[in-house]
Amino acid sequence: MKKGFSYVFVGAALAMCGAVMVHGDAAEASTLYRAYNPNTGEHLYTQNHNEIPFVVNAGWQDEGTAWTAPDKGVEVHRLFNPNNGGDHFYTLDTNERDHLTRVGWTYEGLSWHSGGQIPVYRLYNPNAKSGTHHYTTDGNERNHLVGLGWRSEGTAFYATSVGQGSNTPAPNPGVTPKKVDENITGVGGQEANVPGSYRNLYSNKAFDNANLSGAAAVEFSADVAINGSTNDYETQFVIGGTNPADGQIGVGLHYQAGSDANFAQGRINTTNINFPAGAGTSGQQYYSVNTNAPRVNKGQAVNLKVKYFTSGYMQAFVNNTLVGQYQTKLATTNDAYILHVGTNAPTTVRNLKVFKNGADVTSKGRPSFDSTSFDFSSGNATGAY
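Quick note on numbering: the sequence shown equals residues -22 to -1, 1 to 363 in mature numbering (1 follows the signal peptide of the UniProt record, and there is no 0).
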């Protein structure tokens, strides 16, 4: 992760195909598997593992195991709504089951059993037309979704153990952060000769919970593609405070050879950058590789977006998917920010835009970027706003 340049551095398919369920009392094991439909926002939960490759072939994403349920206990019922593009719902409540059946849902039978000591939380998205409910044993995932506007509906049922999901946004507690940028880390994102200094590199660091409504103080976006040829190259897309030590936040596309899947080595990964103003030099500044972000191929253009809120939070997006939300602080003079695209590999930037408090200021910087579309292979393109 060491930086090579200065200042900025570094749904419906399931229903149509008619997947077959295995009832909860028909299987010895009760591992629940989870899959995600990126087209509808729905998650599928099933103890029939044969359903997973079936829906993956239809465009869903395999998210590993969700949790383990007992082979006996309170029955969990599964229903399907054929009228909203395909949505599944799971409930213990027979009155809820019967009501949904009367209003047009299809009852699909017993899905699994509820029992154990681990709560499975249920959430509702009031803004979605499909994938409106979500179920998770992970309190961090629940809190993150509540911060994005979902409603917590309490505990839906209970599990005997948590799953080992391959694509959930919660951090893997078994992954120890790595020390990077050792002996060259200064405060707030500045490079300096500081023996013993370092930044942390996390894998799927849990998002910080916040309800970030309204326009961001500053928003920076563009369509970016990176096309490197070495074993370690990157492009960083960053908003900084007014001075080099006044903090930097952003998102990067980074390739590093290797086979450590926890840190998405061996492919271009999405890395969140958080070097808050005033942060120390012993891990308070960090990167977090998001292994759940949209997969990026070499040369593929993706939309990168970074937002900073004066309440003290940042957000990062790839193709409008939230890949990072963290507490942070940028120090500014006269409400001014320094925006950068920094790279050490051939990079294309298109459709660059800058907003302040919701207003388009792309052409009103001091100075503005020379162009909103450009190609370069090293150094930084910079604008002040």
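All C-beta atoms in this analysis are idealised placements derived from N, C-alpha and C, irrespective of residue type, glycine included.
Quick caveat, the model's predicted, so the values are computed rather than measured.
- Select from Asn189, Val172 and Trp128 the residue whose C-alpha is nearest the C-alpha of Gly290. The shortest Cα separation from Gly290 among Asn189, Val172 and Trp128 belongs to Asn189.
Check your understanding: Among Asn252, Tyr14 and Tyr233, which residue has its Cα nearest to the Cα of Gln243?
Key -> Ranking Asn252, Tyr14 and Tyr233 by Cα distance to Gln243 puts Tyr233 first.
So for Glu20, helix, strand or coil by DSSP? Three-state result, Glu20: coil.
Short check: CB of Phe215 to CB of Gly228, under 7 Å? Gly228 is positioned such that its CB atom lies closer than 7 Å to that of Phe215.
Original post:
Should the stretch 120 to 128 be regarded as contacting the stretch 80 to 95, the criterion being three or more beta carbon pairs within less than 8 Å?
Top reply: At 8 Å Cβ cutoff, the stretches do not touch.
Kindly list the residues whose CB is nearer than 7 Å to the CB of Ala255, restricted to its own chain and excluding five residues on each side of it in sequence; keep chain order. Residues of the same chain with a CB within less than 7 Å of the CB of Ala255, apart from the 5 flanking positions on each side, are Gly166, Gly219, Asp224, Gly225, Lys307, Leu308 and Ala309 in chain order.
If contacts are defined as beta-carbon pairs under 8 Å, then Ala279 and Arg328 qualify, I think. What distance do you get, rounded to the angstrom?
Taking 8 Å as the upper bound for CB-CB distance, Ala279 and Arg328 are in contact here, some 7 Å apart.
Exercise for review: Could you work out which residue in Ala200, Pro60, Asn270 and Asn275 is closest to Asp353 when comparing CA atoms only?
Suggested key: Closest option to Asp353, Cα to Cα, is Ala200.
| query | Along the chain, where does the beta strand (DSSP E) that runs through Asn250 open and close? | reply | From DSSP, the beta strand (DSSP E) with Asn250 extends over Ile246 to Phe253.
As assigned by DSSP and simplified to three states, the class of Val81: Coil at Val81, not helix or strand.
- Query: Would DSSP call Asn150 helix, strand or coil?
  - Reply: A caution first: Asn150 carries a pLDDT of 44, below 50, which makes its placement in the model too unreliable to give a value.
Check: If you draw a straight line from the alpha carbon of Ala148 to that of Ala44, how long is it in whole angstroms?
Finding: A caution first: Ala148 carries a pLDDT of 41, below 50, which makes its placement in the model too unreliable to give a value.
Range of the contiguous beta strand (DSSP E) that encloses Val229
Where Val229 is concerned, the enclosing beta strand (DSSP E) stretches over Gln226 to Gln234.
_According to DSSP, simplified to helix, strand and coil, what is Pro97?_
Of the three classes helix, strand and coil, the one that applies to Pro97 here is strand, per DSSP.
- Item | Spatial distance of Asn252 from Asp210 (CA atoms) | Each residue's Cα considered, the two are about 20 Å apart.
Q. Does Pro345 have its Cβ less than 7 Å from a Cβ in chain C?
A. Absent here is chain C; the protein component of the structure consists of one chain.
Requested in this report: State yes or no: is the C-beta of Lys183 within less than 7 Å of the C-beta of Ser266?
Outcome: Result yes, Cβ atoms of Lys183 and Ser266 sit closer than 7 Å.
Checklist line | Run of the alpha helix (DSSP H) containing Phe32, from where it starts to where it stops | finding: Counting along the chain, the alpha helix (DSSP H) containing Phe32 begins and ends at Glu29 to Asn35.
Subject >> Burial state of Arg80 (16 or more Cβ within 10 Å) >> reply: Within a 10 Å sphere around the beta-carbon of Arg80 sit fewer than 16 other beta-carbons, which makes this residue exposed.
Whose C-beta lies closer than 6 Å to the C-beta of Gly361 among residues of the same chain, with five residues either side of it excluded? So the list reads Leu317, Gly343, Ser346 and Phe347, once near-sequence residues are dropped.
Would you identify the three-state DSSP class for Asn73, choosing helix, strand or coil? If DSSP states are grouped into helix, strand and coil, Asn73 belongs with the helices.
Please return the same chain residues whose Cβ sits closer than 6 Å to the Cβ of Lys283, not counting the five positions on each side in sequence.
Only Ser199 and Phe295 meet the Cβ criterion.
Candidates Leu22, Thr340 and Thr46, of which the one nearest Gln39 by Cα = The candidate whose alpha carbon is nearest that of Gln39 is Leu22.
request  = May I ask you to list the residues that DSSP assigns as paired with Arg56?
outcome  = Tyr68.
Just reading off the alpha helix (DSSP H) that Asn118 is part of, what are its end residues? For Asn118, the enclosing alpha helix (DSSP H) has its first and last residue at Gly117 to Gly125.
**Asked** Can the beta-carbon of Glu131 be found closer than 7 Å to that of Arg100?
**Response** Yes.
| query | By the 10 Å Cβ neighbour count, where 16 or more other Cβ atoms means buried, how is Arg12 classified, buried or exposed? | reply | So Arg12 ends up on the buried side.
Compare the C-alpha of Asn103 against each of Arg129, Thr115 and Tyr85 and name the closest.
-> Minimum Cα distance to Asn103 is reached at Arg129.
Practice item. Could you check the C-alpha separation between Phe333 and Asn28 for me, to the nearest Å? Key: Using only the alpha carbons, I get a separation of about 47 Å.
- Query: Asp116: which of Pro97, Ala134 and Gly109 sits nearest, CA to CA?
  - Reply: Among Pro97, Ala134 and Gly109, the Cα nearest to that of Asp116 is on Pro97.
Counting only the same chain and skipping the five closest in sequence on each side, list residues whose C-beta sits under 8 Å from that of Tyr176. Excluding five sequence positions before and after Tyr176, the CB atoms of its chain that fall closer than 8 Å to its own CB belong to Lys157, Val158, Asp159, Glu160, Asn161, Thr163, Thr259, Ser260 and Gly261, given in chain order.
- prompt: Of all the options Ala36, Ser355 and Thr288, which has the alpha carbon lying nearest to the alpha carbon of Ala193?
  reply: Ranking the options by Cα distance to Ala193, first place goes to Thr288.
Coarse secondary structure for Phe185, derived from DSSP in three states = Of the three classes helix, strand and coil, the one that applies to Phe185 here is coil, per DSSP.
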